[in-house]
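Count the sequence shown with UniProt numbering and you get residues 1 to 606, in order. For every residue, glycine included, the Cβ atom is placed at its ideal position computed from N, Cα and C. Source: prediction; values computed, not measured. Just below is one structure, and these are the notes that go with it.
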Amino acid sequence: MLSLRGTFINLGDGRESKKEPRSQSAPPGPRDMYQTEFFKNECSYVSQLMERSNSIRTMSQAMSKSTGSNHSDKSEENSDEQAISSDSGVASTATATRPGATKDRVLTSGSSESFEGPPGQKSQMKREDMMKKTQMKREDFMKLMANKKNRNKKPALQFGSTAQFQEDPGSPSCPVSRALEVIQELPNQLDEALHQNTMSIVGNVQSHVIELCREIRNSSSEDSEATAQALRQVAGIPEMVMSTLKSRASEMSESIMDHLETIVASAMENENDKADLAKQIAKLPMQVERITGKALGNSEPCPKEAALRHMDSAMARLPESQALADSYHRVASSVPSATPQSMVYAASQATSATVHMAVAGLHATQGSQQGVVVENKVVADMILRAKVEGEFMAQHGPALYQSQAGRLQGLGSEANSGSQGHPELCTRPCLYFGAGKCANGNSCDFCHLTHPKRPAHLDKRNRALLKSLPPDIRAAMLKDALLARSRALRVDISSKDLLNQLEQVGGGAPLSAESTEMQARHHRLASALRTMTLSTLLAFASRINSEDDADEGDSMEVDAQGQRKLHDRLAVLRAKLSLRSSLQSGSIGSGSQRSGDRNGVQNWEM
């Protein structure tokens, strides 16, 4: 504190500084006034520091005196909740306050000896080394991609049988460079997918651990110290699970990075071999699934076994109760025994979307005036499928996506009209929805759901053969294909007028031909028809009596009356599918028996 009239200045710690008095003969000038104010501020700042130091010292002494005292139940509850609901999603406070927290030491039931927990100091060092190696791999991969972009121009490259272009392999116009730029984003996408999946698993475990901690506090015994130790051991389970899963994710990322480096190095050596690069990129989802699947068998350390040891040690100190046993089993069921299958699925899906974009870049060709143009319809379908898959999974999750992938789905009123009957009776995918710009919403007449595979179509030879067949053989072949497809989907589409019409036109004509070659061609055509969707087969069947055979498309043009009949049939069948979906989900008449349900096959008359 500064005394303006005195000659001594108290610095706050008992020391004093001599200050010579200013001469009274001359008034203080501007410089003297500035120095006085500066000195006042400095002394005030020093005094504040000393007061803060004294207050901190007093608080530390008070805390050290109270370390041996027992806490009340309310303070224990608050500390446990704060520990479990910390920002990192784990019990950081409880772990930091328990003895031996750096080594995760817990007590086994029935023994006073301690042992090193599953994560352990050695395991923690191993995980840190693994994460450092993964980061180094990523940096090396990024450097490799940067060198790929900065290389000098190469001689003219010949892509397939097309004309030669004088392209810079590092320029954005080079297909190989475009594909590698897409692949460059794969490590970040994998990390994001694995991180989200890990946090989802840890969040589920954490919610059950919080319930278990509540039950422990409610059934606490007279020994408050035993209850506190049990809470600390249980609270460390989410942290242990997250640490183990992060270690597995780092191992996956490192192995995938090695494989990506091999692909990039091969692409840099063989710039003009786009076909080989496309094959390597197309194998990436299978490679990623194989790499991540290896972690399923890696049970060291096993998070479930470690969690059970922690909980067994905690339960040994507490009285038995049914509520504790139920909470115990819920926590045990939420902790994975190995690498969860959901992590493998998340990594595979993230890779699939990137692979679609990379293959699209390889199939792109350079136009004369319009720049790079994607002219392959298959590539456009792949891009659309990748976008729709990501959109659908983000909204509905992977479980519903897997159920949609391979069998008939009846959709309720929440889907748009074009998506009803997906994937057999829906229309073609909506390109605007795949790009996130569909303004029609639920009124859109095109499908908004994912199509895992491109719908089967007849090639030019089979289309010509189908049109050249006599009407009776064509009708018999289409009828057999319709019935076979409906049986494969466990749906009997008993359309009286359509099937009777095919029966009348066919007249039971045998599917035979004069020569062995024609028999083989007919057999291939029949096999191709059986793989097509119901909507396409219905379009073929509705065209059976049309006189116009000049169409080159798959769904041959029908007259106005036939078009209306086809539209009505599809609408009725889609409505039936929606009704069946509601009945199966139990939302409408879950207890009633559906008429015509024999051996799991529905009879729907239209």
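Check                                                                                                                                                                 : Outcome
Taking the beta carbon of residue 477 as the centre, do at least 16 other beta carbons fall within 10 Å, making it buried, or is it exposed?                          : buried
Let me make sure I understand the geometry here. Which of 422, 186 and 256 has the alpha-carbon closest to that of residue 290?                                       : 256
Quick check on the DSSP output: the alpha helix (DSSP H) that includes residue 310 runs from which residue to which?                                                  : 303 to 315
Quick one: what does DSSP say residue 99 is sitting in, helix, strand or coil?                                                                                        : Note on residue 99: pLDDT 36, under 50, position unreliable in the model; the coordinate value appears next. Residue state, collapsed to three classes: coil.
Taking Cβ positions, are residue 620 and residue 303 nearer each other than 7 Å?                                                                                      : Summary: the structure shown does not reach residue 620, with the chain confined to residues 1 through 606, and so no result is reported for it.
Under the assumption that residue 186 contacts residue 253 (Cβ atoms under 8 Å), give the Cβ distance between them as a whole number of angstroms.                    : Not really, about 10 Å apart at Cβ, beyond 8 Å.
Which whole-angstrom value describes the C-beta separation of residue 241 and residue 205, a residue pair presumed to lie in contact below a C-beta threshold of 8 Å? : 5 Å
For residue 447, which residues does DSSP report across the bridge?                                                                                                   : 429
Secondary structure at residue 441, three-state DSSP: helix, strand or coil?                                                                                          : helix
Determine the burial state of residue 22: buried for a count of at least 16 other Cβ atoms within 10 Å of its Cβ, exposed for fewer.                                  : Model confidence at residue 22 stands at a pLDDT of 48, short of 50, so the residue's coordinates are unreliable; what they give is reported in the following sentence. By the neighbour-count rule (16 or more Cβ atoms within 10 Å), residue 22 is not buried but exposed.
Whole angstroms are fine: how far does the CA of residue 260 sit from the CA of residue 217?                                                                          : 51 Å
Tell whether a beta-carbon distance below 7 Å holds between residue 425 and residue 534.                                                                              : yes
With contact counted as at least three CB pairs below 8 Å, one residue from each stretch, are the stretch 516 to 528 and the stretch 456 to 472 in contact?           : yes
Let me make sure I understand the geometry here. Which of 317, 342 and 486 has the alpha-carbon closest to that of residue 245?                                       : 342
From residue 531 to residue 329, what does the alpha carbon distance come to, in whole angstroms?                                                                     : 47 Å
Determine whether the beta carbon atoms of residue 331 and residue 209 lie at a separation below 7 Å.                                                                 : yes
Using the Cβ count rule (16 or more neighbours within 10 Å means buried), how would you classify residue 315?                                                         : buried
Less than 7 Å separating the beta-carbons of residue 193 and residue 350?                                                                                             : yes
Rounded to the nearest angstrom, what separates residue 551 and residue 286 at their Cα positions?                                                                    : Below a pLDDT of 50, predicted positions are generally treated as unreliable, and residue 551, at 43, falls in that range; the measurement from the model is reported next regardless. Cα-Cα distance, rounded: 40 Å.
Taking the alpha carbon of residue 238 as the point to measure from, which residue in 312, 198 and 249 has its own alpha carbon closest?                              : 198
Which of the three DSSP states is assigned to residue 246 in this structure?                                                                                          : helix
Roughly how many whole angstroms lie between the Cα atoms of residue 232 and residue 327?                                                                             : 16 Å
Out of 529, 446 and 346, which one is the CA nearest neighbour of residue 485?                                                                                        : 529
Pop quiz: residue 465 and residue 521 are said to be a contact at Cβ under 8 Å. What is the actual Cβ separation, rounded to whole angstroms?                         : 6 Å
Checking 7 Å against the spacing of the C-beta atoms, do residue 317 and residue 249 come in under that value?                                                        : no
Considering only C-alpha positions, which residue in the set 57, 282, 262 and 446 is nearest to residue 431?                                                          : 446
Give me the residue from 355, 309 and 262 with the minimum Cα distance to residue 282.                                                                                : 355
Take residue 305 as the anchor and find which of 421, 333 and 47 has the nearest alpha-carbon.                                                                        : 333
Rounded to a whole number of angstroms, what is the C-alpha to C-alpha distance between residue 419 and residue 427?                                                  : 7 Å
Can you tell me which of the three DSSP states residue 532 falls into?                                                                                                : coil
In whole angstroms, what separates the C-alpha of residue 313 from that of residue 230?                                                                               : 7 Å
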